[in-house]
DNA sequence: GATGAATGAGGATTCATTCAT
DNA sequence: AATGAATGAATCCTCATTCAT
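Chains as they are written, first to last, in the numbering used here: chain A, 1 to 209; chain B, 1001 to 1209; chain C, 2001 to 2209; chain D, 3001 to 3209.
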């Protein structure tokens, strides 16, 4: 059910474990993933895994931490008051997630099972993420015709278009017979995001973007 | 961890089981839900549950079946060549899901764990759903400036704005301190959808909406 | 390592489990006893055991509870201000423990590992036991030449002569090649206790015994 | 759960290990003690421990050996035909055990779990100990009114009053709110032993005390 | 002598499921 | 239709021990 992954050859043991865990947690969720499978995929005995991580839960959090850090950094540096919702930011996020779609699935799993043992992580990660995003949005030029209480909805829309998109990319791709992760598809999604942004927030309808 | 739900008092035993299962599957996913907890929440002994459903898997599918039928029907009757992506359809879906947000979470769980023992269900439910929606979209008047290969992206966007929205409503509501399920919030979301639709697909840029 | 015990045939399942557990806990202590061995000795699958007791710890406490109750009752009814430390009490305790020497070992295990997860039980059982015993002792006629702060030492002496004796009976019996549990040996120990009591607390040195 | 003990600073590594092991074995018994905890308490990695002792079992036996030697020597040199059961012997044992109460607990653990992998040790240590003690007792002057088959019972009594006393000192002290290990308490126990001996074996009933 | 990493065996416990009542 | 009791398989994790460094 889980054979040693080829990509993680030269890396350190903890990294191999994190890779294996990330893939399986993303695919099956926390409860659906057996420690034994993570171990097998890392080429280890399950017991060895506990030399590197204290528990399944701790491993899960390490996976999340490692995955979230770059996203956090992208959000951090992107507090610039540029173009509408910061097309550069959207582009970078899209690029990053297209490279590690597991991450998007992990985050969506988190969001779905919210109430449980991970709500703290949501508080720790998602909330500041939204705080920053809100701040960025408010600096955006043309918010004219959105009500203040529609802002969170706009934000969620972007959340869906980025995280939701890549979280469902693989599954939906299979069902629809498409590939949402090819470089071309990623370019298309980036272009799509720009177009959507232009229409939702963008330049005055009479002028150019 | 799971006490008998008050709302399902007068209903039949299978319905009480389905209610309990729906809530727990939505909250914790398939793997994260224990049959014993479903039984407890239904006021039953775990063994009794097997008088009504053949297995956990069968119960899960029954939950999905029961939940999906009304959605399927909404989609069915809404193949009318009306206004942009059929605002009435969007409104009905929104209304329905706001009443049973569990369903939205279930569907998103399905979408996330795609590969597994549920892919068949995705094929059975999601694919026709998308087929219908695509058909509906293509009948929409102003698709002028969207490329053909952007259509699935538009579709996904609507999927997110409907299913993703209500799937994350509870969790995100907690984190952001908002209530996305109040009647008022549902009205706002419906209005928001209309606005988004108007901008994405709607009225000629020179005319009115 | 543990074959179904013959003595516990007709009894109820929980009782069979308690019997098995008592024997093994007495022999090997809490940490040294495997749930699997208790199950085997009860003629059960380890999982079945959890239909009757919540955990190993809970089972252990049930064993202790069941074993302590009769002792507690003996102590209860023996608050009579009779002869020196109530020879009848000593006799009854001796008789009882000689019939279930496991109990004595269990109590000594408890006393030895004191600090741990069982200290609460010690507080619950041993302390009142000592309180009662102290009260009884103080009513004893000839305490003349014992200092007040020697009372606990006298108490401990009796604790040893009763509980310690039967706790070590089997092991020491093997080493010394004697049988401390035969009816005759029990009578001898009872006589011995009376003699010791006579000398330690008993009758005036000049008068009768 | 086990932090490096302060007292064993300057000592050699094997001694530090023996100290840690003695404390933990005394507290939790053999089965209840994890090699890892011994290592931690010795300030070592579990693996390092195996540079000094072949196995957990070997370490346990080394602890017992080290602890028993002085007792053995005390018993050895005390075969003198002095006063009733050799008050000096009792005093020395009491003094020694009050200084290392762990030892008393260890011995009682041994006595309790008799049947197992330690019975050989009992044979090796306890039996000669009793042999010597018996010899010593028989040289005692006033055994007049004890039957020959009561001798082992007298012996056990002394065993309890010495080993049992210090084995339970800490635990019982906590429950009763007393300190049985303070110098004063040790003096009191010594005095108590003398008094008991006087009454059980001592001076002619008609003469002086 | 010390250690980080590895492991097979076994630890307690939970799981979904069955069956006699 | 309901349940208490039973169970094999699997759960996460700890154990004592080994070995290359």
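Yeah, the Cβ is synthetic: ideal placement off N, Cα and C, and Gly gets one too.
Using a cut-off of 9 Å between C-beta atoms, extract the partners of residue i located in chain C.
| i | result |
| --- | --- |
| residue 3039(D) | The premise fails here: residue 3039(D) is roughly 18 Å from chain C at the closest Cβ pair, so nothing lies under 9 Å. |
For residue i, which residues in the same chain have their Cβ closer than 6 Å to its Cβ, ignoring the five residues on either side in sequence?
| i | result |
| --- | --- |
| residue 90(A) | 193 |
| residue 3038(D) | 3020, 3021, 3024 |
| residue 3042(D) | 3016, 3017, 3020 |
| residue 2002(C) | Unreliable positioning characterises residue 2002(C) in this predicted model, as indicated by a pLDDT of 45, which lies under 50. A coordinate reading is not provided. |
| residue 72(A) | none |
| residue 26(A) | 102, 105, 106 |
Check the Cβ-Cβ distances between residue i and every residue of chain B, and say whether any is below 8 Å.
| i | result |
| --- | --- |
| residue 213(A) | Because chain A in this structure spans residues 1 to 209, residue 213(A) falls outside the shown range and cannot be described. |
| residue 179(A) | no |
| residue 36(A) | no |
Are the CB atoms of residue i and residue j nearer to each other than 8 Å?
| i | j | result |
| --- | --- | --- |
| residue 15(A) | residue 102(A) | no |
| residue 3031(D) | residue 2029(C) | yes |
| residue 2189(C) | residue 2165(C) | yes |
| residue 108(A) | residue 163(A) | yes |
| residue 64(A) | residue 106(A) | yes |
| residue 2178(C) | residue 3111(D) | no |
| residue 3255(D) | residue 3044(D) | Past the boundaries of the shown model lies residue 3255(D); chain D is included only from 3001 to 3209, so the question cannot be answered. |
| residue 2161(C) | residue 2196(C) | yes |
| residue 1104(B) | residue 1167(B) | yes |
| residue 1176(B) | residue 183(A) | no |
| residue 2199(C) | residue 3199(D) | yes |
Interface residues of chain B around residue i at Cβ under 8 Å?
| i | result |
| --- | --- |
| residue 13(A) | Neighbours of residue 13(A) on chain B: none; closest Cβ ~27 Å, over 8 Å. |
Just checking: is the beta-carbon of residue i within a distance shorter than 8 Å of some beta-carbon in chain A?
| i | result |
| --- | --- |
| residue 1197(B) | no |
Can you find a C-beta in chain D that's less than 8 Å from the C-beta of residue i?
| i | result |
| --- | --- |
| residue 2018(C) | no |
| residue 2152(C) | yes |
| residue 2161(C) | yes |
| residue 2200(C) | yes |
| residue 2062(C) | no |
| residue 2108(C) | yes |
Using a Cβ-Cβ cut-off of 8 Å, state whether residue i counts as contacting chain C.
| i | result |
| --- | --- |
| residue 3094(D) | no |
| residue 3156(D) | yes |
| residue 3166(D) | no |
| residue 3029(D) | yes |
| residue 3032(D) | yes |
Identify, in the order they occur along the chain, each residue of the same chain with its Cβ nearer than 7 Å to the Cβ of residue i, setting aside the five sequence neighbours on each side.
| i | result |
| --- | --- |
| residue 1052(B) | 1013, 1014, 1017 |
| residue 1094(B) | 1162, 1186, 1189, 1190, 1193 |
Who are the neighbours of residue i on chain B, taking C-beta pairs under 7 Å?
| i | result |
| --- | --- |
| residue 114(A) | 1170, 1171, 1174 |
So which residues on chain D does residue i lean against when the C-beta distance must stay under 7 Å?
| i | result |
| --- | --- |
| residue 2192(C) | 3150, 3153 |
What does residue i touch in chain A if you count any residue whose Cβ is under 9 Å from its own?
| i | result |
| --- | --- |
| residue 1189(B) | 153 |
Which chain D residues sit within Cβ distance under 9 Å of residue i?
| i | result |
| --- | --- |
| residue 2023(C) | Neighbours of residue 2023(C) on chain D: none; closest Cβ ~11 Å, over 9 Å. |
Just the chain C side, please: which residues come within less than 8 Å of residue i by C-beta, in chain order?
| i | result |
| --- | --- |
| residue 3105(D) | 2112 |
**alpha helix (DSSP H) runs contained entirely in the region 3156-3195 of chain D, provided each spans 4 or more residues** = Segments of the alpha helix (DSSP H) lying fully in the region 3156-3195 of chain D: 3165-3176.
**Item:** Whole alpha helix (DSSP H) elements within the region 2039-2066 of chain C, 4-residue minimum
**Value:** For the region 2039-2066 of chain C, whole alpha helix (DSSP H) runs of length 4 or above, ordered along the chain, are 2046-2049.
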